[in-house]
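*Asks:* Just so you know, we're using the working numbering here: the sequence shown kicks off at 1 and counts up by one.
Virtual Cβ for every residue (Gly too), placed ideally from N, Cα, C.
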Amino acid sequence: MRPHDIELLTVPGAPTVCGDVLLFGTSRPDLGADAYRGGLLRLDLSRSDGSATADPAPARPFTHGDLDTVPVISPDGQWVAFLRSAEGVMDAAPQLHVMPLEGGEPRRLTELPLGAGRPAWSPDSRRIAFTARVPEPGRYGVEGADGAVRTAGAESPRRFSRLDYRFDDIGFLADRPARLFLVDLPVDNGPHGLVTGNTEPLTDARVSVHDPAWTPDGQHVVVAAMRAWGERESLHDDLYAIPVAGGDPVLIVRTEGNASSLVFTADGQLLYLGGAYRGTNAVARNDGLWRVTPTFDGELASPRRLTDAETVHCEPKAGAPVVDGDRALVAVLNRGAVELRAVPLRSHNAELDELDVLAGKRAAVTGFAASDGRVVCTVSTPDSAGEIVLLDGTGSRVLTALSAPLRDAGLAEKIELTGTAPDGYPVHGWLVRPSGPGPHPVLLTIHGGPFRSYDWGLFDEAQVYAAAGYAVVLPNPRGSAGYGQAHGRSIIGRFGTDDVLDVLALLDLALARPDCDESRVGVMGGSYGGFLTSWLAAWHGDRFRAAWSERAVNAWDSFAGSSDIGWWFTDAYCGADPEVQRANSPLSYAERIEIPFLVAHSEQDWRCPLEQAQRMFVALRRNGVSAELLLFPGEGHELTRSGKPRHRVQRFEAVLEWWQRHLG
C-alpha cells in the first residue's frame, strides 16, 4: 500500500436493515477533489422469488450525493433518513434528507447553518428527532441583529466563565449549543426541493444535548445532557425526557458517569452505554451497558449496570445497543478485537466470558444492526477496511468486497506477538511484516489515548510503512483499553514506567526475529504515543536512530491550561501538584535527547495544542539536537484519520522521507 492508495480505502458505515433490505454508507478519500466521497449502497438479502440466498446480488448505489451517511430506515419500512454533506466535506453542514425505501428522489428536510445530526425516527414513522448546533446571531455565517453576515475575524469578542469552552474538531461551544429538533414527514416538497416543516428547537441554549431516543409511545424524546442541565462544568450526564408536545425537560435519570447511545426496548426499558466514576476521576474507565425503567412524573429511576465494570469495555463508536429479543447486542473491546457480543437484558454485572460472541474474533466490528432474526455488521480485518457480514443463525457470510482493490494493490502480513515484560507482566501486540526475507528496519509505533488500543482491523499507516520496507511493531502496553480496567488504570500517575517496560518488551520480541534489523530502529507515535516517543527518546535514546513525535503531550503544566480537556484530564492522570506534573513531562528531560527528532503537529489541534510542539522543538534546537518542525494548516487532532486527503498523503510522504534518511 503506497501513500496515494488511501483512495482505495473504502470504509463502510453502520448498516441499517429492514426485512430483506440492507442499506449502508461508504466513505473514501478523493485526492483530486481533496474531499471524501461516498453514497448509500443497497443490498437485497433475498432472491427475486423471495427466498433466502447464499449469494445476494452485489451492492448497488441507492443515492448519488457527494457524501451520504448514517442511513436509518423508518419503523414502517417505507422511508430512509440520512445525512448529505455538500462537496464531500465531512463537517460541511450535513443536511437531513429522506427518500422512499423503494427508491426515488431524496427530499431535503433541513437547511441549518451548521448542519444536522444523526436522525432518530418516531415509532409511528411520521417524525424525526435530531440534534443540531445552533449558532448565536452574528457568528458562523449567520446574520447578526443588524442583518450583516461577518467573517470569523470580524465577529464580536467571546467572553467565557467556564473551563469547558471549546472542543477539538468542533471549536467554541457556548455560542453554538447542540439543541433538539423535531421535523414532521410531509408529503409535498417546498421551494427549491426543501420539504417544508417546523424546525424550531425543543430545548434551550443553556446546554448541549445528544443521543436522542424516542419513548415507545412517541410522547417523549429522551436525551443526555450535562448534569444539572449544564449549570456548571461536569463530566457526568443526566437523562432528560423532552415532551414532544412542548414543555420543560423532565429529569428522569442521574447516571453514575457519562451516558451515550440511548435506545428503548419495546416495553419501555431504556438502555445506554456509559462509565461510572466520581467527579473528574474519569480516565481509563470501562464503558458498560446500563438498563433503567424511567418514569416521567419527576421521580428519578436508578440505572442497573448489566455488564461487569472490570472485564467488559463496550465501544460506543461502533454504535448504540441493538435490541434483539431478550438480549442487547453491543460491541466489546477484547485484547485487540472489537467483538459483537450479546448481553441478556436480565443480566447484572455479567463478566466478559458470560457473553456470547457473535462476530469480531481476530477482527474489529465497527457497526451493526438486527432485523427478523438476522444480524448484520461491518467488520474490519487485517486485510480489509470493512465489509458487510450477515449472521443468520447458520453462520456468517461476507456480502461485500469493498477492500478487494486494496488487497490487489498488496497488503503486508499482520502477525500477533505475545510475551512478557521484565516484571513478568504479559505484553501483547502485532508486527506488520514487509515482504522479503529482510532483515528489515523496524518502526516502534505507539498509539494514542493512552486508554485506546490497536486492533485486528486494517491499519493504513502500518501498511504504508510496511510497503516501504519497514517492519512495524504495534504494542498495546499497560494503560491501553480492552485488557481489563485495571490494565488501563495501572499507569495513572506513573507515566514512563510500566508502559515503557511493555513497549520495549514487545519491541525485543520483534527484534529477536531474523527478519528484523536490531541496528536500524526508529520510534514514532501520536498524542499519548507522541508523549511516549518523546519519553523514550530521552531515557532510551540509545535504542533508536531517530524519533517522530506527533500531536504529542510534552508538558502537562501548560497542557492543563491550553488543551480542551486539560482542565480535568491532567489532574486525573498526573495529579494537581505542579512538580509531579513536570516530573511526568517529556519536556523536563529534553536535554537528554540526542537523536534526530521530528515534531509533527496540526495548527488547529485543540486536544494537544500547538504550543506543546513548539516548546519541545525550541528546547531541542536550543540544545543542539537535529530537530525539525512539521506543521499542517487547517487540521486538528484527527489529521491522520479524517484530515484532508492531500494532507494525509503529504504526511505519509514526509514520514517515509524521514525514515529513509535515518534508517535507510
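1) Inspect the beta-carbon positions of TYR36 and ASP44 and report whether they are closer than 8 angstroms.
2) Can you give the Cα-Cα distance for ASP308 and SER347, rounded to whole angstroms?
3) Please report how far the alpha carbon of SER380 lies from the alpha carbon of ALA546, in whole angstroms.
4) Exposed or buried, GLY457, counting other C-beta atoms within 10 Å across all chains shown (16 or more means buried)?
5) How should THR151 be labelled, buried or exposed, when 16 other C-beta atoms within 10 angstroms of its C-beta is the threshold for buried?
6) What ranges does the alpha helix (DSSP H) occupy inside the region 436 to 514, keeping only unbroken runs of at least 4 residues that lie completely in it?
7) Of all the beta strand (DSSP E) runs that stay within the bounds of the region 305 to 331, which reach a length of 3 or more residues?
8) Given this structure, state the Cα-to-Cα distance separating VAL580 from TYR589, to the nearest angstrom.
9) Can you give me the Cβ contacts of ALA510 inside the same chain, cut-off strictly under 7 angstroms, excluding the 5 residues immediately before and after it?
10) On the DSSP bridge assignment, give the partners of GLN95 in chain order.
11) Just to confirm, are ALA183 and THR203 a CB contact at a threshold of 8 angstroms?
12) Give the list of continuous beta strand (DSSP E) stretches no shorter than 3 residues that lie fully inside the region 108 to 153.
13) What first and last residue would you give for the alpha helix (DSSP H) that runs through GLY529?
14) Distance, Cα to Cα, ASP297 vs VAL250?
15) Near ARG127, which residues of its chain fall below 6 angstroms by C-beta distance, leaving aside the five closest residues on each side in sequence?
16) DSSP has ALA30 in a bridge; who is on the other side?
17) Just grab the DSSP bridge partners of MET226 for me.
18) Keeping to the same chain, check which residues put their C-beta closer than 8 angstroms to that of THR16; ignore five residues upstream and five downstream.
19) Ordered along the chain, which non-local residues of its own chain (more than five positions away) have a Cβ less than 8 angstroms from that of GLY257?
20) Can you give the Cα-Cα distance for LEU390 and ARG397, rounded to whole angstroms?
21) Please give the ranges of any beta strand (DSSP E) in the region 577 to 649, keeping only runs that are unbroken, at least 3 residues long and fully inside the region.
22) Does THR366 pass the burial test, meaning 16 or more other C-beta atoms within 10 Å, or should it be called exposed?
23) Look at the Cβ atom of LEU631, then the Cβ atom of GLU611, and state whether they are nearer than 8 angstroms.
24) Are ASP502 and TYR425 closer than 8 angstroms when you measure CB to CB?
25) Could you tell me which whole beta strand (DSSP E) segments of length 3 or greater appear in the region 249 to 300?
26) Rounded to the nearest angstrom, what separates PHE172 and ARG641 at their Cα positions?
27) Could you tell me the distance, in whole angstroms, from the CA atom of HIS601 to the CA atom of GLU550?
28) Assuming the contact rule is C-beta atoms closer than 8 angstroms, GLN95 and ARG107 should be a hit. Round their C-beta distance to whole Å, please.
29) Count the other C-beta atoms from every protein chain shown that fall within 10 angstroms of the C-beta of GLN485, then say buried if there are 16 or more, exposed otherwise.
30) Contact between the region 356 to 365 and the region 335 to 346 is defined here as three or more beta-carbon pairs at a separation below 8 angstroms; is this criterion met?
31) Between ILE6, GLY373, PHE62, LEU83, which lies nearest to VAL322 when the distance is taken from Cα to Cα?
32) Taking the straight line between their C-alpha atoms, what separation do you get for GLY360 and SER453?
33) Output yes or no for whether 8 angstroms exceeds the beta carbon distance between PRO216 and ALA266.
34) Going by DSSP, what residue range makes up the beta strand (DSSP E) through GLY694?
35) May I have the straight-line CA-CA distance separating VAL649 from ARG305, to the nearest angstrom?
36) Could you have a look at ARG543 and say whether DSSP puts it in helix, strand or coil?
*Replies:* So, from the data block:
1) Here TYR36 is not near ASP44, since their CB atoms are 8 angstroms or more apart.
2) Cα-Cα distance, rounded: 10 angstroms.
3) Distance between the alpha carbons of SER380 and ALA546: 32 angstroms.
4) Taking every protein chain shown into account, the CB of GLY457 has 16 or more other CB atoms within 10 angstroms, so this residue is buried.
5) Residue environment: THR151 is assigned as exposed (fewer than 16 neighbouring CB atoms within 10 Å of its CB, all protein chains considered).
6) Counting only runs that start and end inside the region 436 to 514, the alpha helix (DSSP H) elements of at least 4 residues fall at 460 to 467, 485 to 489, 498 to 511.
7) Here the runs fully enclosed are 322 to 324.
8) Cα-Cα distance, rounded: 14 angstroms.
9) Correct list, in chain order: LEU417, LEU431, VAL442, ALA471, VAL473, CYS516.
10) Partner(s): ARG84.
11) Residue identity check: residue 183 is Val in the sequence provided, not Ala. Inclusion of VAL183 and THR203 in the CB contact set at 8 angstroms is not warranted, their separation being larger than that value.
12) When DSSP assignments are scanned along the region 108 to 153, the uninterrupted stretches of beta strand (DSSP E) that are 3 or more residues long and fall wholly within it turn out to be 127 to 133.
13) For GLY529, the uninterrupted alpha helix (DSSP H) run begins and ends at 528 to 539, by DSSP.
14) Take the alpha-carbon of ASP297 and the one of VAL250: they are about 8 angstroms apart.
15) Apart from the 5 residues on each side of it in sequence, ARG127 sits with its Cβ closer than 6 angstroms to the Cβ of LEU182, ASP184 in its chain, given in chain order.
16) The sequence as given places Asp at residue 30; Ala does not occur at that position. In the DSSP output, where bridge partners are listed per residue, ASP30 has ALA35.
17) Answer is ASP237, bridged to MET226.
18) For THR16, where only same-chain residues beyond five positions count, the Cβ hits under 8 angstroms are LEU22, LEU23, PHE24, PRO71, VAL72, ILE73, VAL80, ALA369.
19) If we look at GLY257 and ignore the five residues flanking it on each side, its Cβ neighbours are LEU235, HIS236, ASP237, GLY274, GLY275, ALA276, TYR277, ALA282, ARG285.
20) Cα to Cα, LEU390 sits roughly 5 angstroms from ARG397.
21) Fully enclosed beta strand (DSSP E) runs of 3 or longer: 597 to 602, 627 to 632.
22) Answer is buried; the Cβ neighbour count reaches 16.
23) In this structure, GLU611 does not lie closer than 8 angstroms to LEU631 by Cβ.
24) Using a Cβ distance threshold of 8 angstroms, ASP502 and TYR425 count as a contacting pair.
25) Within the region 249 to 300, the complete beta strand (DSSP E) runs of at least 3 residues are 250 to 254, 260 to 264, 270 to 274, 288 to 292.
26) Inter-residue distance for PHE172 and ARG641 is about 22 angstroms (C-alpha atoms, whole angstroms).
27) Their backbone Cα atoms lie some 6 angstroms apart in a straight line.
28) About 11 angstroms separates the beta carbon of GLN95 from that of ARG107, a gap too long to meet the 8 angstroms contact definition.
29) Buried, by the Cβ-count rule.
30) Three or more Cβ pairs drawn from the region 356 to 365 and the region 335 to 346 lie within less than 8 angstroms of each other, which places the two stretches in contact.
31) For VAL322, the closest of ILE6, GLY373, PHE62, LEU83 by C-alpha to C-alpha distance is GLY373.
32) Taking the straight line from one Cα to the other gives about 15 angstroms.
33) Taking 8 angstroms as the cut-off, the beta carbon of PRO216 is found closer than this to the beta carbon of ALA266.
34) As displayed, the chain neither begins before 1 nor continues past 664, which places residue 694 out of reach and without an answer.
35) Between VAL649 and ARG305, the C-alpha separation is close to 44 angstroms.
36) The answer is helix: DSSP assigns ARG543 an H, G or I state.
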